[in-house]
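So the structure is just underneath, and the comments pick up after that.
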Amino acid sequence: MKRITLFFLSIACILFAADAPIVANKAEFVYPDFSQCYEKNKGSIVYFGNTRAIALSEKYAVAYSKEKPSVAYAKYDYLSHLYLFESPKPLMPMKLKTTAELKLGEWLGSMTDKSIIAVNASKIGKSANEFFEFGGVGEVNAIVGGLCCEMYGLGIGDKFFIGSEALEQFMLGKSASFSELGVRIVDGNESVIVDFVDPLFKEARLKAGDKITLLNGKKVTNVSEFGEALKSFKDLSKVSAQIQRDNAWIEENILAPKVEAKKVEAPKVKKTPPPKKESYLQTKGFKFDNDLKIIGIERGSFAEKSGLKIGDRLMQIDRVPMERVSEADAYLAKNRAHDMSLLFDRDDFQFFVTLKR
């Protein structure tokens, strides 16, 4: 009897036993889908001439360019290379999202009217002078945003973008660059604040963080008033500002005084000028025009061995944008202790060349 009972128990266990577990395949990574954001935001991408721009209001659109656009524009910031265009027709503006909510590693879409690239945030910038970065390569004047389909910033090519706060300040006239002073000014509390000083502007007396309330005794409470006040002065080197600097109030001229050249009689004996010293770039076989386009390459030089060609344009050194040969030489002279990464552009194709030191 016991044997019969055990036999039926064995049969029952076999019939009602759970299926054996199946080993699952490793999940394949799937990139986030930004197609809905493309459909929602593509109407905010507009063109002014050949320049692609992003609408930030029904009236204005912003674009980044190192070359002057072929059509009229409302204003330009020479330090950030931002242009503001005014549209005769109502635009479909992007909704801006504060970068305070941006998290490292967050998936972003870099979107134009022709492409969407999935990237992720890799560096949080602090201002228009410290770009945000993402992992991947995006296009110039692309909408950079998250899965919420709102805009964190404006792509400026490579892996960089300018944050939404700087874009909004520029559009609203709450920030402006003054090439005659070598600074960018932003609105403060009943004052203006120096946001950035051009390192190549040698006559600058203002410093980043300066809070300015008066110009030659005239009150300035915002960027617009500051700009209007500047226009009323003929010699800016004689204009003094009331400045709060490092918790102390001081009076300071906004420009270094002009140095008048002394008249010197021509020497009677003509001396042979010393040979012109080669720049560091020339020693590597490069010959550039003023806009950093290669116009000549020495045979057997570093430039030739690196595959560079006449017409290639030097864009950046170590992620620092370059526009003139003098800027590139000055940067190289100060940074001789490490290898450098040179970004070149060839017919809209960009590539890096490493310069060994």
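Here the sequence shown stands for residues -17 to -1, 1 to 340, where the numbers follow mature numbering (1 follows the signal peptide of the UniProt record, and there is no 0).
All C-beta atoms, glycine included, are put in the ideal place defined by N, C-alpha and C.
Since this is a predicted model, take the numbers as computed values, not measurements.
In whole angstroms, what is the alpha-carbon distance linking E89 and N103? The residue given as residue 89 occupies position 106 in the sequence shown. The residue given as residue 103 occupies position 120 in the sequence shown. Linking E89 to N103 through their CA atoms gives a straight-line distance of about 5 Å.
Please state the DSSP three-state secondary structure of N273. Mapped onto the sequence shown, residue 273 falls at position 290. Look at N273 here: in three-state DSSP terms it is coil, with no helix or strand label.
Using DSSP bridges, identify the partner residues of T337. Here residue 337 corresponds to residue number 354 of the sequence shown, with the count starting at 1. Answer is S324, bridged to T337.
Given 8 Å, three or more beta-carbon pairs between the region 114 to 124 and the region 28 to 40: Taking a cut-off of 8 Å for Cβ pairs, the region 114 to 124 and the region 28 to 40 touch, as three or more such pairs fall below it.
Compute the Euclidean distance between the alpha carbons of residue 350 and K42, then round it to the nearest angstrom. The requested residue 350 is not part of the displayed model; the chain covers only -17 to 340.
Taking DSSP as the reference, what is the three-state secondary structure of N205? Here the question's residue 205 lines up with position 222 in the sequence shown. In the structure shown, N205 falls within a coil segment according to DSSP collapsed to helix, strand and coil.
State buried or exposed for R319, treating a residue as buried only when at least 16 other CB atoms are found within 10 Å of its CB. Residue numbering aside, residue 319 sits at position 336 when the sequence shown is read from its first letter. Counting of Cβ neighbours within 10 angstroms places R319 among the exposed residues, the total staying below 16.
Please work out which residues of its chain come closer than 7 Å, Cβ to Cβ, to S53, disregarding the five sequence neighbours upstream and downstream, and give them in chain order. In the sequence shown, residue 53 corresponds to position 70, counting from 1. Hits under 7 Å: G32, N33.
In chain order, which continuous runs of the beta strand (DSSP E) of length 3 or greater are located wholly inside the region 39 to 91? For the region 39 to 91, whole beta strand (DSSP E) runs of length 3 or above, ordered along the chain, are 43 to 47, 58 to 60, 65 to 69.
Between T337 and the rest of its own chain, which residues show a CB-CB distance below 8 Å, the 5 nearest in sequence each way excluded? Position 354 of the sequence shown, counted from the start, is the residue given in the question as residue 337. Excluding positions up to five away in sequence, the list reads D322, M323, S324, L325.
Does the distance from the C-beta atom of I237 to that of L164 stay below 9 Å? As a first step, residue 237 is located in the sequence shown; it is residue number 254 there, counting from the start. As a first step, residue 164 is located in the sequence shown; it is residue number 181 there, counting from the start. A contact, by the Cβ cut-off of 9 Å.
Suppose you measure from the CA of A224 to the CA of S215; what does that come to, to the nearest Å? If you number the sequence shown from 1, residue 224 lands on position 241. If you number the sequence shown from 1, residue 215 lands on position 232. In a straight line, the C-alpha of A224 is about 14 Å away from that of S215.
Per DSSP, what are the beta-bridge partners of Y30 in this structure? Locating residue 30 in the sequence shown gives position 47, counting from the first residue. Answer is R35.
I'd like the span of the alpha helix (DSSP H) that includes V308, first residue to last. Along the sequence shown, read from residue 1 onward, the residue named residue 308 stands at position 325. First-last of the alpha helix (DSSP H) with V308: 308 to 317.
Should C131 be labelled buried (16 or more other beta-carbon atoms within 10 Å of its own) or exposed? Residue 131 sits at position 148 when you count from the first residue of the sequence shown. Counting Cβ neighbours within 10 Å, C131 comes out exposed, since fewer than 16 surround it.
For the 8 Å Cβ check, are there 3 or more pairs between the region 261 to 268 and the region 310 to 319? Yes: at least three Cβ pairs fall under 8 Å.
So, are the CB atoms of F179 and F143 less than 9 Å apart? Reading the sequence shown from its first residue, position 196 is the one you call residue 179. Reading the sequence shown from its first residue, position 160 is the one you call residue 143. Not closer than 9 Å, so no.
Within the continuous beta strand (DSSP E) that includes M298, where are the two ends? Numbered from 1 along the sequence shown, position 315 holds the residue referred to as residue 298. Counting along the chain, the unbroken beta strand (DSSP E) around M298 starts and ends at 296 to 300.
When the Cα of K288 is compared with those of G268, M305, P73, which residue comes out closest? On the sequence shown, position 305 is the one that residue 288 refers to. Of the candidates G268, M305, P73, the one whose C-alpha sits nearest the C-alpha of K288 is G268.
Please report whether the beta-carbon of S40 lies at a distance below 9 Å from any beta-carbon of chain C. The chain labelled as chain C is not found in the depicted structure, where only one protein chain is given.
Rounded to whole angstroms, how far is the Cβ of K276 from the Cβ of R296, which I believe are closer than 8 Å? One-based indexing of the sequence shown puts residue 276 at position 293. One-based indexing of the sequence shown puts residue 296 at position 313. About 5 Å; that satisfies the 8 Å criterion.
Run through the DSSP bridge pairs and tell me what P329 is partnered with. Start at 1 with the first residue of the sequence shown, and residue 329 comes out as number 346. At residue 329 the sequence reads Arg, which differs from the Pro that was named. According to DSSP, R329 bridges with F332.
Does the Cβ-Cβ distance between M77 and I107 come in under 9 Å? Counted from its first residue, the sequence shown places residue 77 at position 94. Counted from its first residue, the sequence shown places residue 107 at position 124. Judged by their CB atoms, M77 and I107 are not nearer to each other than the 9 Å cut-off.
A239 and R188 look like a contact to me (Cβ under 8 Å); what is the Cβ gap, rounded to whole Å? What you label residue 239 is simply residue 256 of the sequence shown in a count that begins at 1. What you label residue 188 is simply residue 205 of the sequence shown in a count that begins at 1. So it is a contact: roughly 6 Å between Cβ atoms.
What would DSSP say about K214, mapped onto helix, strand or coil? Numbered from 1 along the sequence shown, position 231 holds the residue referred to as residue 214. It is helical.
Anyone know if the C-beta pair for residue 345 and A101 falls short of 9 Å? Shown here, the chain extends from -17 to 340; a query on residue 345 therefore has no answer.
Delimiting residues of the beta strand (DSSP E) encompassing K106: As a working mapping, residue 106 is identified with position 123 in the sequence shown. Unbroken beta strand (DSSP E) run through K106: 99 to 106.
Based on the DSSP secondary-structure assignment, which residues constitute the bridge partners of E235? Within the sequence shown, the letter at position 252 stands for residue 235. For E235, DSSP records a beta bridge to A224.
Distance cut-off 8 Å: L79 Cβ against heavy atoms of the ligand FAD: Absent from the structure shown: the ligand FAD. Ligands present: none.
Report the CB separation of F271 from L213 in whole angstroms; it is logged as a contact under 8 Å. One-based indexing of the sequence shown puts residue 271 at position 288. One-based indexing of the sequence shown puts residue 213 at position 230. Contact doesn't hold; Cβ gap of about 34 Å is too wide.
Given K202 as reference, the closest of S220, K86, L79, E173 once Cα atoms are compared: Looking up residue 202 in the sequence shown gives position 219. Comparing Cα positions, the closest option is E173.
Measure the alpha-carbon distance for V177 versus G210 and round it to whole angstroms. Against the sequence shown, residue 177 aligns to sequence position 194. Against the sequence shown, residue 210 aligns to sequence position 227. In a straight line, the C-alpha of V177 is about 13 Å away from that of G210.
Between which two residues does the alpha helix (DSSP H) containing S147 stretch? The residue given as residue 147 occupies position 164 in the sequence shown. According to the DSSP assignment, S147 belongs to the alpha helix (DSSP H) that extends over 147 to 155.
Can you give me the Cβ contacts of K9 inside the same chain, cut-off strictly under 8 Å, excluding the 5 residues immediately before and after it? In the sequence shown, the residue the question calls residue 9 occupies position 26. The pLDDT assigned to K9 is 47, lower than 50, so where the model puts this residue is not dependable, and the model offers no usable value.
Taking DSSP's pairing of strands, which residues face K194 in a bridge? Stepping through the sequence shown from its first residue, residue 194 is reached at position 211. Residue pairing for K194: DSSP places it in a beta bridge opposite I176, Q227.
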